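Line by line, the protein sequences are chains F and P.
Using the numbering used here, you'd call the opening residue of the first sequence number 1472 and step up by one each time.
Using the numbering used here, you'd call the opening residue of the second sequence number 123 and step up by one each time.
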Amino acid sequence: MWNDLLFAFESVATLANVLAMGAGILAGVVIGAIPGMTGTMAVTLALPFTFYLPPVTSILLLVALYKGSTYGASISAILIKTPGTASAACTVLDGWPLAQKGKAGKALNMALISSCIGDFLSNISLIFLAAPLALLALRVGPPEYFMLMAFALTMVASISGGSLLLGVVSACFGLLLATVGEDMYGSFRFAMTEDMKSGLSVAPVLIGLFALPELLRLIMFREENHGQAMKLGDNRLTLAEFRGSLKSIIRGSFIGVVLGAIPGIGPSAAAFFSYGEARRSSPNSENFGKGELEGIAASESANNGCCGATMIPLLALGVPGDVITGVMLGAFMIQGLTPGPLLFQNNLNEVYMLFIGMMFSSVLLFGAGKLTVRFFSHISSIPQVLLTPVVLMLCIYGIYSISSSMFDVTVLLVMGVVGFIMLLLNIPRRRSSSPSFWGRCSRTICAARWPFRAVIRPSFSSPPFPGFSQASSCSSSA
Amino acid sequence: MLNKAMLRGLLIALFFGTVLFALIPVHVPRPSFIPGFAPPPDMWPRTVSILGLAHGLLAMAFAALGGGNETSDEPERGPASAVEWRNRLIRLALALAAFAGFVVLVPLLGFLASSMLLALACFLLAGASGRWVAVLALAVLLPLGLQLFFGNVTHTPFPSGSWSIFPTLN
């Protein structure tokens, strides 16, 4: 085994691999920092390039893009109150208040360090815990998925500022948006236009709710800094601050690993779980939402903790956990590698190379993060009256490029107005639920044949997917 | 007295009440046959709307009793004169008109020209009129650069509009 590892290390440590990982991480950070551009888009765009690269180099490039974009989303969340992707929605809660206090640099550094630690622990878990985590992931059916998402929603309600009641209202609004579109019978809910039949995408809703209200507030009240540049401020993270957040970073990484290994849960729910738990257990819980470094640490360690873990079901079982790993599955197949148990038997050397490369990419992520923090920190010196309309343009072009649909742009603008009304009424804007939440919930009830039996006696202890096989006869979609 | 907390509760109740009593009966049709124990399609929207409506009414009740916790998203502002409020509302209305105008103009002028106009409107409404050079440069060059980037890198087909002011860039 050690000889294999040494050989794999030698094979990975080539200039081509290091360049591919470095370029992937840098590009991922930049793409993730642009609102509307997602890691999925970055990985999909890079897929054609992998035709011309050796197998391990191409997979490492895609993994690096994924990791970079997950971290990059925190940059715009902290500096311009706009999460680059849904997984950074929690980072806004404390990142933006810190930036307003002149501690944007500190917030960015905490995001970077916690992302790197989460990512590193996720890679370790991929190497040593792939088999048990893959078995755990196999046993999660619609009832467990529904319970996890419902728990994540209670977290959303509980972390919503000072009012639990308004948090529940916010969660209800998100759940209502998730019901729009096709249901499990093939009929349509709230299909007032032809485009609404396919439901509302998460990206325009989320970015509309977060990014556009700032522009409308600036236009209406004209009180944001009066054209003055926002100072980057103190950017050195002290050892005491890091030690104070270490517990949340470790816990967040663990939450990210477990939820990342379960197909369909994703980094966004993991970040909310971790943030809620950090807030519950922290001695500084009253500072959460007002600029608490521990909040950023909890959120960022969890979402980057998912990165390596999402590879677990892909590598161990050949099952992609989300869209990004679905694209990676394509890259594996293009290179003649078939993910699944046989991969460890037939291509052990490539697997070791991949593991070592992924560990190395965590170090590169730190370096790229340090470089880009300096670059992106200049954003905070741009006057708000110029920056905010620029963000609107980035959002509009980013959202349009995802689906080439004017409907999504319209949803973005409408949600911006809705978000502004919520802002004026002090109703917290958090996140909308995934449309698949309702589908899983319906399947759970359908499979259990009695709603409460599904909750009282979930199928977790029974063989994999018992409910799913029954439910799939009722429904194939949400 | 209709204070902010009361108004908030009222608007929440009105929104979810409208969804429950007006939108769901019309826009969430029930199929003629529902197999077994499967929940009907309107079950979840109704459940969420009832929950939202109840919370809206609760918020009103708390406001009437003098409660209603405030969240920290929005800072408290001092009182503004009637003229200031009129100007604020005019600026907001113009911003909303710019958003609506953008959606209407894209099929006519194309994505690029409409984006330039929207960007210009937003810069001016946000109060950047004193920086004419920066505003004009950003309003023209930013949409142009973004369209070139997305058109060439992601091959996004941007609508050129029926009036075709700008030729296709990608």
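Here a beta-carbon is modelled for each residue, glycine too, at the ideal position from N, C-alpha and C.
None of the values given here were measured: they were computed from a predicted structure.
message: Please report the distance separating the alpha-carbon of P:Phe-296 from that of F:Ser-1875.
response: Since the first residue of chain P shown is 123 and the last is 292, residue 296 of chain P is not available in this structure.
field: Nearest neighbour of F:Ile-1867, chosen from F:Ala-1662, F:Ala-1559, F:Phe-1480, F:Ala-1682 [CA to CA]
entry: Shortest Cα-Cα distance from F:Ile-1867 to any of F:Ala-1662, F:Ala-1559, F:Phe-1480, F:Ala-1682 involves F:Ala-1682.
message: Which of the three DSSP states is assigned to P:Leu-136 in this structure?
response: P:Leu-136: helix per DSSP, three-state reduction.
Reduced DSSP category for F:Phe-1661 - H, G, I as helix; E, B as strand; rest coil: Looking at F:Phe-1661 - three-state DSSP - the assignment turns out to be coil, as it is neither helix nor strand.
- prompt: Ends of the alpha helix (DSSP H) at F:Gly-1493?
  reply: Segment 1486 to 1504, the alpha helix (DSSP H) holding F:Gly-1493.
field: Whole-angstrom distance between F:Lys-1572 and F:Thr-1562, CA atom to CA atom
entry: If you take the alpha carbons of F:Thr-1562 and F:Lys-1572, they lie about 15 Å apart.
- prompt: Considering only residues of the same chain and omitting the five flanking positions on each side of F:Val-1728, which have a CB-CB separation below 7 Å?
  reply: Taking C-beta separations shorter than 7 Å and ignoring five residues to either side along the sequence, the partners of F:Val-1728 in its chain run Leu-1592, Ser-1593, Ser-1596, Gly-1776, Ala-1780, following chain order.
message: Suppose contacts are defined by Cβ-Cβ distances below 7 Å. Is F:Val-1811 in contact with F:Gly-1789 by that definition?
response: The question names Val, but residue 1811 of chain F in the sequence shown is Gly. Result yes, Cβ atoms of F:Gly-1811 and F:Gly-1789 sit closer than 7 Å.
- prompt: What is the residue span of the alpha helix (DSSP H) that F:Thr-1881 lies within?
  reply: Taken as a continuous stretch (DSSP letters only), the alpha helix (DSSP H) holding F:Thr-1881 covers 1877 to 1895.
- prompt: Between the C-alpha atoms of F:Gly-1723 and P:Gly-232, what's the straight-line distance to the nearest angstrom?
  reply: Roughly 46 Å separates the two Cα atoms.
query: What residues in the region 1837 to 1871 of chain F have a beta carbon less than 9 Å from any beta carbon of chain P?
result: Under the 9 Å Cβ criterion, the region 1837 to 1871 of chain F contributes Pro-1854, Gln-1855, Val-1856, Leu-1857, Thr-1859, Pro-1860, Val-1861, Leu-1863, Met-1864, Leu-1865, Ile-1867, Tyr-1868, Gly-1869, Tyr-1871.
query: With 16 as the cutoff for other CB atoms within 10 Å, does F:Gly-1657 come out buried or exposed?
result: With fewer than 16 other Cβ atoms from the protein chains shown falling within 10 Å of its own Cβ, F:Gly-1657 counts as exposed.
field: Beta-carbon proximity of F:Leu-1825 to F:Asn-1818, cut-off 7 Å
entry: Taking the C-beta atoms as reference points, F:Asn-1818 is found no nearer than 7 Å to F:Leu-1825.
field: Test item: CB-CB of F:Ile-1892 and P:Arg-213 under 7 Å
entry: The answer is no: Cβ separation not under 7 Å.
- prompt: Who are the neighbours of F:Met-1877 on chain P, taking C-beta pairs under 9 Å?
  reply: At a beta-carbon threshold of 9 Å, the residues of chain P lying near F:Met-1877 are Val-225, Val-228, Pro-229, Phe-233, Pro-281, ordered along the chain.
task: Pull up the distance between the alpha-carbon of F:Ala-1700 and that of F:Ala-1570, whole angstroms please.
output: For F:Ala-1700, the predicted model reports a pLDDT of 44, less than 50, meaning its position is unreliable; a value from the coordinates is still stated below. The alpha-carbon of F:Ala-1700 is positioned some 12 Å away from that of F:Ala-1570.
- request: Please classify F:Arg-1928: does DSSP put it in a helix, a strand, or coil?
  value: Residue placement at F:Arg-1928 cannot be trusted, given a pLDDT of 47 that sits under 50; what the coordinates show is reported in the next sentence. Shown here, F:Arg-1928 sits in coil according to DSSP, grouped into three states, outside any helix or strand.
Interface partners of F:Asp-1466 on chain P, CB under 7 Å: The structure shown does not extend to residue 1466 of chain F, since chain F is modelled only from 1472 through 1949, so no value can be given for it.
query: Would you report the Cα separation of F:Arg-1660 and F:Asp-1654, rounded to the nearest angstrom?
result: Computed Cα separation, rounded: 7 Å.
message: Given a cut-off of 7 Å on the beta-carbon distance, is the pair F:Leu-1536 and F:Ala-1513 in contact?
response: Closer than 7 Å, so yes.
- prompt: By the criterion of Cβ-Cβ separation under 8 Å, what are the contact partners of P:Trp-285 in chain F?
  reply: Chain-ordered listing is empty here: chain F has no CB closer than 8 Å to the CB of P:Trp-285, the nearest sitting near 16 Å.
- prompt: Ordered along the chain, which non-local residues of its own chain (more than five positions away) have a Cβ less than 8 Å from that of P:Ser-286?
  reply: Hits under 8 Å: Gly-232.
message: Measuring straight from C-alpha to C-alpha, what distance separates F:Arg-1845 and F:Ile-1546?
response: Between F:Arg-1845 and F:Ile-1546, the C-alpha separation is close to 11 Å.
- prompt: Nearest CA to the CA of F:Pro-1734: which residue from F:Gly-1503, F:Val-1639, F:Ile-1783?
  reply: With distances taken between Cα atoms, F:Pro-1734 lies closest to F:Ile-1783.
query: Taking Cβ positions only, does F:Leu-1643 come closer than 7 Å to chain P?
result: Looking at the sequence provided, one finds Cys at residue 1643 of chain F rather than Leu. It does; some Cβ of chain P falls within 7 Å.
- prompt: If we cut at 7 Å on Cβ distances, does F:Leu-1884 have a partner in chain P?
  reply: For F:Leu-1884, a Cβ of chain P is located within less than 7 Å of the residue's own Cβ.
query: What's the C-alpha gap between P:Leu-270 and P:Leu-260?
result: Cα-Cα distance, rounded: 15 Å.
query: How long is the line joining the alpha carbons of F:Lys-1574 and P:Trp-254, rounded to whole angstroms?
result: Their backbone Cα atoms lie some 31 Å apart in a straight line.
- request: Classify F:Ala-1487 as buried or exposed, calling it buried when 16 or more other Cβ atoms lie within 10 Å of its own Cβ.
  value: Residue environment for F:Ala-1487: exposed (fewer than 16 other C-beta atoms within 10 angstroms of its C-beta).
field: Buried or exposed (CB count within 10 angstroms, at least 16 for buried), P:Leu-177
entry: Looking at the sequence itself, residue 177 of chain P is His, so the reference to Leu does not match. Around the beta carbon of P:His-177, a 10 Å sphere encloses 16 or more other beta carbons of the protein chains shown; the residue is thus reported as buried.
message: Check whether chain P comes within 7 Å of F:Leu-1677, counting only Cβ atoms and requiring the distance to be less than that.
response: With 7 Å as the cut-off, F:Leu-1677 does not count as an interface residue toward chain P.
message: Among the candidates F:Gly-1503, F:Leu-1647, F:Pro-1899, whose CA atom is the shortest distance from the CA of F:Pro-1554?
response: The candidate whose alpha carbon is nearest that of F:Pro-1554 is F:Gly-1503.
task: Would you list, in chain order, the members of the region 1499 to 1529 of chain F that have their beta-carbon closer than 8 Å to a beta-carbon of chain P?
output: Here the close residues are Met-1512, Leu-1516.
task: Please confirm if the region 1790 to 1805 of chain F is in contact with the region 1747 to 1766 of chain F, defined as three or more CB-CB distances below 8 Å between the two stretches.
output: Here the region 1790 to 1805 of chain F makes no contact with the region 1747 to 1766 of chain F; the two share fewer than three CB pairs at distances below 8 Å.
- prompt: Around the C-beta of P:Pro-157, are 16 or more other C-beta atoms found within 10 angstroms, so that it is buried, or is it exposed?
  reply: Within a 10 Å sphere around the beta-carbon of P:Pro-157 sit fewer than 16 other beta-carbons, which makes this residue exposed.
Selection from F:Val-1861, F:Ile-1898, F:Gly-1543 that minimises the alpha carbon distance to P:Ala-248: Of the listed residues, the one whose Cα sits closest to P:Ala-248 is F:Val-1861.
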